[in-house]
Amino acid sequence: MKHFAFIFLLMPALLPCGSLFAHPLDDRAQMASEVVIVSDSRLEYVLDFRYVSVMASWSEFSGGNAMGGGLDANDDGLVTRDELKRRYNDLVDQMVFSLGISLDGSPIDLEPDFDRFLFENMDNPKATLDLDEGVPIDTFRIHYRFVFWWESPKALTPGRHEVEYYFTGQQTVVHTPEEQMIAFDARENPRERLKVVTYDKAMEAYPKLVFGWGVEGSKVPTIIDSSPPEGWMPPPESNFSPDTSWQPRLQDKPETVAELLPALFTLIVGCALALVGLVCVLRVLAKGAPEAKSRVTGLAWSGLLMLGGGVILLGACVRLGIIGLGV
70 MKHFAFIFLL MPALLPCGSL FAHPLDDRAQ MASEVVIVSD SRLEYVLDFR
120 YVSVMASWSE FSGGNAMGGG LDANDDGLVT RDELKRRYND LVDQMVFSLG
170 ISLDGSPIDL EPDFDRFLFE NMDNPKATLD LDEGVPIDTF RIHYRFVFWW
220 ESPKALTPGR HEVEYYFTGQ QTVVHTPEEQ MIAFDARENP RERLKVVTYD
270 KAMEAYPKLV FGWGVEGSKV PTIIDSSPPE GWMPPPESNF SPDTSWQPRL
320 QDKPETVAEL LPALFTLIVG CALALVGLVC VLRVLAKGAP EAKSRVTGLA
370 WSGLLMLGGG VILLGACVRL GIIGLGV
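If you count the sequence shown from 1, you need to add 69 to reach my numbering.
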C-alpha cells in the first residue's frame, strides 16, 4: 500500500510529462491550411504549423516523440540538414493518415513538394539557418510549412466537381474551421478565397470543408475554312503586256529658223536682264546710297532683276537644247 500511495502522490507531477512530446497535429502548434485550385487539373494543399512557445517547440525538438524521433534526434542541442530531412519524411508519413482530400467522393493521393517545405524561427524569420553546421534550439520557436500537390492524370470533364477536405481522428487542432481550413482559387491573379463553401461539423472535432471546383474545359479554337467554294474556277490568264517603250520627254529642239528665233530672242532678253541686274548690284555696292534704307531697297530690286534674267536665260537654254534635264 505504501508503494501505491507513493505513486498516487507522484501522479500530478507525472501527468504533464506525457504532453512534453508534441507534434504538429496537436494543440501546441497553431494550424492553418489551404486547398488551392491552381488550374483546371491541379490542386495544391498548404499546411502551416506555428508553435505557440519555445517550450512547445522544445517538445518537437526532443527525442522520443510520439511521431518519430523528434528533430534533435541525437540530443546535441542542434538541428542539422539530415535531421530536418528525416523529420520531414516522418511527418509526411504521419500526415497521410491524419488528413485527406477527396474529389467527387474518391480520395486523391497528395504528393509532397519538399522543395517548398519551410522551417524557420518565428522570432527571427529572416535569419539564415546554417543547417550544415547545425541550428541551436534553445531559443527557437518553430514555424513549419508543408506543401502537397495533386495533378489529374486526365482532363477533368467540364462542370462542377466536389472537393472534400477533412481530418481523421488522429488530431484535435481544428477549433475554428472557418479560419483554419480555407479554399482558394488561384487561376486568376490575385487569387480569391472561395465564398461558396460549407463546413460539415457533424464529427465535431473533425470538421470537413466542402466546395465546388468548376472546370470550364479546353476551348476549341475556331478554324476558318479558306478553301474556294465548290465549282469555283480561276479566271483565265490574260495575254496583255504593257508597252514599256514609251518614255516621257520634253518638246523637241527647234530646227527651223521660225522655231529658233523666239528661243534666241528669249535668250538675249534673259542675258540682258541678268547683266542689267548685275550692273545695278555692283553700282549700289560701289557708290552706296545716302540712306541705308535706300541702299537695301536698291540691292533688292537689282537682285530681283538679275534673278529674273537668270530664270529667263535658263529657260531659253533648255528650249535650245543647250541644257538637258535628263528626261
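Glycine included, C-beta positions come from ideal geometry on N, C-alpha and C.
Paired residues, beta bridge with asparagine 190 - DSSP
DSSP, once it has assigned bridges, lists Ile211 as partnering asparagine 190.
DSSP on aspartate 201, reduced to helix/strand/coil?
coil
Option in Val115, Val350, Val380, Ile206 with minimal Cα separation from threonine 366
Per the C-alpha coordinates, the member of Val115, Val350, Val380, Ile206 positioned closest to threonine 366 is Val350.
According to DSSP, is alanine 98 helix, strand or coil?
strand
If you run the structure through DSSP and keep just helix, strand and coil, what is glutamate 220?
strand
Where alanine 355 sits in the DSSP three-state scheme
helix
Euclidean distance between Cα positions of leucine 147 and leucine 140:
9 Å
What do you reckon, are the CB atoms on leucine 187 and arginine 214 nearer than 7 Å?
yes
Relative to the C-alpha of arginine 156, which residue among Ser171, Phe183, Pro176 is closest?
Phe183
Which listed residue (Glu103, Asp109, Ser296, Leu344) has its alpha carbon closest to that of proline 435
It is not possible to answer for residue 435, since the shown part of the chain is limited to 70 through 396.
Taking proline 176 and valine 161 to be in contact with their CB atoms under 8 Å, please state how far apart those CB atoms are, rounded to whole angstroms.
At roughly 16 Å, the Cβ-Cβ gap does not stay under 8 Å, so proline 176 and valine 161 are not in contact.
Name, in chain order, the residues that DSSP records as bridge partners for leucine 112.
Ile106, Trp219
Output the boundary residues of the alpha helix (DSSP H) element that contains methionine 302.
Careful: methionine 302 lies outside any alpha helix (DSSP H) and carries neither H nor E.
Considering only the alpha carbon of each residue, which of Ala332, Ala125, Glu248 lies closest to lysine 264?
Of the listed residues, the one whose Cα sits closest to lysine 264 is Glu248.
Can you tell me whether glycine 228 is buried or exposed? The criterion is at least 16 other CB atoms within 10 Å of its CB, across all chains shown.
exposed
Would you list the residues sitting across from glycine 283 in a DSSP beta bridge?
Arg229
Just mark phenylalanine 217 as buried or exposed, buried being the case when its beta carbon has 16 or more other beta carbons within 10 Å.
buried
So who's on the other strand from arginine 262, going by DSSP bridges?
Phe253
Less than 8 Å between C-beta atoms, sequence neighbours within five positions excluded: which residues of the same chain meet that for arginine 111?
Non-local beta-carbon contacts of arginine 111 in its own chain, meaning distances under 8 Å to residues more than five positions away in sequence, involve Trp218, Trp219, Glu220, Ser221 in chain order.
Mapping DSSP to helix, strand and coil, what is threonine 237?
coil
On a Cα-Cα basis, can you pick out the residue from Phe209, His230, Leu333 that is closest to tryptophan 127?
Phe209
Expressed to the nearest angstrom, what Euclidean distance is found between the alpha-carbon atoms of methionine 100 and valine 115?
11 Å
Around the C-beta of tryptophan 282, are 16 or more other C-beta atoms found within 10 angstroms, so that it is buried, or is it exposed?
buried
Classify leucine 382 as buried or exposed, calling it buried when 16 or more other Cβ atoms lie within 10 Å of its own Cβ.
buried
Whole-angstrom C-beta distance between tyrosine 275 and tyrosine 235, which should lie under 8 Å:
7 Å
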